[in-house]
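**Student:** Numbering (the numbering used here), first residue to last: 4 to 266.
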Amino acid sequence: MASDGHDQNRFLDLDAKVFGDHVAAVLDLAGVPVARSIVDLGAGTGAGSRLLRQRFPDAAVTCVDNDPQMLELLRGQGFAVVGADLDHGFPALGGSLIAAGVAAEAPVDLVWASSSLHHVTHPARLLSGVRRALAPGGVLVVVELAALPRFLSHPRGALLELRCHAAAAAEGWNHYPNWTPVIEAAGFAVTRSEVTGIAPVTPAAREYARQWFARFSHLAALTAHDHEAVANLLERFTDDVELDPRATRTVWVATPVEAQEQP
Numbered sequence: 004m005a006s007d008g009h010d011q012n013r014f015l016d017l018d019a020k021v022f023g024d025h026v027a028a029v030l031d032l033a034g035v036p037v038a039r040s041i042v043d044l045g046a047g048t049g050a051g052s053r054l055l056r057q058r059f060p061d062a063a064v065t066c067v068d069n070d071p072q073m074l075e076l077l078r079g080q081g082f083a084v085v086g087a088d089l090d091h092g093f094p095a096l097g098g099s100l101i102a103a104g105v106a107a108e109a110p111v112d113l114v115w116a117s118s119s120l121h122h123v124t125h126p127a128r129l130l131s132g133v134r135r136a137l138a139p140g141g142v143l144v145v146v147e148l149a150a151l152p153r154f155l156s157h158p159r160g161a162l163l164e165l166r167c168h169a170a171a172a173a174e175g176w177n178h179y180p181n182w183t184p185v186i187e188a189a190g191f192a193v194t195r196s197e198v199t200g201i202a203p204v205t206p207a208a209r210e211y212a213r214q215w216f217a218r219f220s221h222l223a224a225l226t227a228h229d230h231e232a233v234a235n236l237l238e239r240f241t242d243d244v245e246l247d248p249r250a251t252r253t254v255w256v257a258t259p260v261e262a263q264e265q266p
């Protein structure tokens, strides 16, 4: 899903606008009533971080990313930031701009990893560090798209969309393992759930749908006929295209397993 930085930023922000309520439902699953310290791993443009800040207005939210452009965006939004490569493990938080009153190395109440863990080369190393950083009763939440979002409601369009999804899967889009055994091996008890959100048809939803199909138009695995169909769809992507935006996310809620006391 390659694109230039500006387009990618807009793409991520549109997801938050369209499916923001969906992410709120994911947070409901986490069961965290209050949090003083939150770490967003792979924060990107801050779309998820902003939702976390809305949910926990009294918390210090520290955003971790490896992209200088993203870090600058996050700073501009008033977040504490840490520039780090997650392949090297969970970062030290001492260099972040922590909000007043929260110690730099205070235990973390919530670690949020939305669509970021599958980018990490050594997830076991990162997860072990998360476990050490969490406060007693702290929670790790890992979120992935169960499947690419769906937008088209007309049967013919829906079938085209499914073929686009199949072509995207053939090219490795949205590929990740079942994280349950990986997270458990790092010392967590894990609950896996799926949350489906249906979004209203807004101008943002229409733009987001169009951006997905613009990306599908570059899929080499699509047939020539489907390439033509996607091109035709993009040309008439106005109010006459029937939409039914929906997305399903897989959510892993993990809490550290306490070591058994020695007899």
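Glycine included, C-beta positions come from ideal geometry on N, C-alpha and C. Only a predicted model underlies this, so the values are computations on that prediction, with no experimental measurement involved.
Just the Cα atoms here: how many angstroms apart are G334 and A207?
**Tutor:** Only positions 4 to 266 of the chain appear in this structure, which leaves residue 334 out of reach.
**Student:** Please go through the segment 46–105 and give each complete alpha helix (DSSP H) segment of 4 or more residues, from N-terminal end onward.
**Tutor:** Counting whole runs of 4 or more residues, the segment 46–105 contains the alpha helix (DSSP H) stretches 50–58, 71–79.
**Student:** CB L77 to CB V114, shorter than 7 Å?
**Tutor:** Along the sequence shown, read from residue 1 onward, the residue named residue 77 stands at position 74. Along the sequence shown, read from residue 1 onward, the residue named residue 114 stands at position 111. No, these two residues do not count as a Cβ contact at 7 Å.
**Student:** Measuring straight from C-alpha to C-alpha, what distance separates A250 and F59?
**Tutor:** For this step, residue 250 is matched to residue 247 along the sequence shown. For this step, residue 59 is matched to residue 56 along the sequence shown. So the two alpha carbons sit approximately 24 Å from each other.
**Student:** Output yes or no for whether 7 Å exceeds the beta carbon distance between A189 and L130.
**Tutor:** Position 186 of the sequence shown, counted from the start, is the residue given in the question as residue 189. Position 127 of the sequence shown, counted from the start, is the residue given in the question as residue 130. Against a cut-off of 7 Å, the Cβ pair of L130 and A189 comes out as a contact.
**Student:** Report all residues from its chain with a CB closer than 7 Å to the CB of E261; omit the five preceding and five following residues, and keep chain order.
**Tutor:** To locate residue 261, count along the sequence shown from 1; it is residue 258. If we look at E261 and ignore the five residues flanking it on each side, it has no Cβ neighbours.
**Student:** Do the segment 217–231 and the segment 165–178 touch if we need at least three Cβ pairs shorter than 8 Å?
**Tutor:** Contact between the segment 217–231 and the segment 165–178 is present, because at least three Cβ pairs lie under 8 Å.
**Student:** Going straight from the alpha carbon of V26 to that of E231, what length do you get?
**Tutor:** Working through the sequence shown from its first residue, we reach residue 26 at position 23. Working through the sequence shown from its first residue, we reach residue 231 at position 228. V26 and E231: Cα-Cα distance of roughly 34 Å.
**Student:** For the candidate residues E147, V133, S52, whose alpha-carbon lies nearest to that of S118?
**Tutor:** For the purposes of this step, residue 118 is identified with residue 115 of the sequence shown, where counting begins at 1. For S118, the nearest C-alpha among the options comes from E147.
**Student:** Taking buried to mean at least 16 other C-beta atoms within 10 Å of its own C-beta, is R134 buried or exposed?
**Tutor:** For the purposes of this step, residue 134 is identified with residue 131 of the sequence shown, where counting begins at 1. Buried, because 16 or more other Cβ atoms sit within 10 Å of the Cβ of R134.
**Student:** Checking 7 Å against the spacing of the C-beta atoms, do V145 and T194 come in under that value?
**Tutor:** Position 142 of the sequence shown, counted from the first residue, corresponds to residue 145. Position 191 of the sequence shown, counted from the first residue, corresponds to residue 194. Going by C-beta atoms, V145 is not nearer than 7 Å to T194.
**Student:** Quick check on the burial criterion: 16 or more other C-beta atoms within 10 angstroms. Buried or exposed for L55?
**Tutor:** The residue given as residue 55 occupies position 52 in the sequence shown. When all chains shown are included, L55 counts as buried.
**Student:** Apart from the five residues just before and just after A94, which ones in its own chain have a Cβ nearer than 7 Å to its Cβ?
**Tutor:** As a position in the sequence shown, residue 94 is number 91, starting the count at 1. Rather than Ala, the amino acid found at residue 94 in this sequence is Pro. Within the same chain, P94 has close Cβ partners V67, V85, A87.
**Student:** Alpha carbon to alpha carbon, how far is A149 from V123?
**Tutor:** Sequence index remark: in the sequence shown, residue 149 carries index 146 (1-based). Sequence index remark: in the sequence shown, residue 123 carries index 120 (1-based). Their Cα atoms are separated by approximately 18 Å.
**Student:** Tell me whether R239 is buried or exposed, calling it buried when 16 or more other Cβ atoms sit within 10 Å of its Cβ.
**Tutor:** Along the sequence shown, read from residue 1 onward, the residue named residue 239 stands at position 236. Burial call: exposed.
**Student:** For the beta strand (DSSP E) that contains T194, what are its first and last residues?
**Tutor:** Locating residue 194 in the sequence shown gives position 191, counting from the first residue. Counting along the chain, the beta strand (DSSP E) containing T194 begins and ends at 191–201.
**Student:** Would you mind sorting S52 into buried or exposed? The rule is 16 or more other CB atoms within 10 Å of its CB.
**Tutor:** On the sequence shown, position 49 is the one that residue 52 refers to. Result: buried.
**Student:** Given a cut-off of 7 Å on the beta-carbon distance, is the pair P36 and L137 in contact?
**Tutor:** Working through the sequence shown from its first residue, we reach residue 36 at position 33. Working through the sequence shown from its first residue, we reach residue 137 at position 134. No. Outside cutoff.
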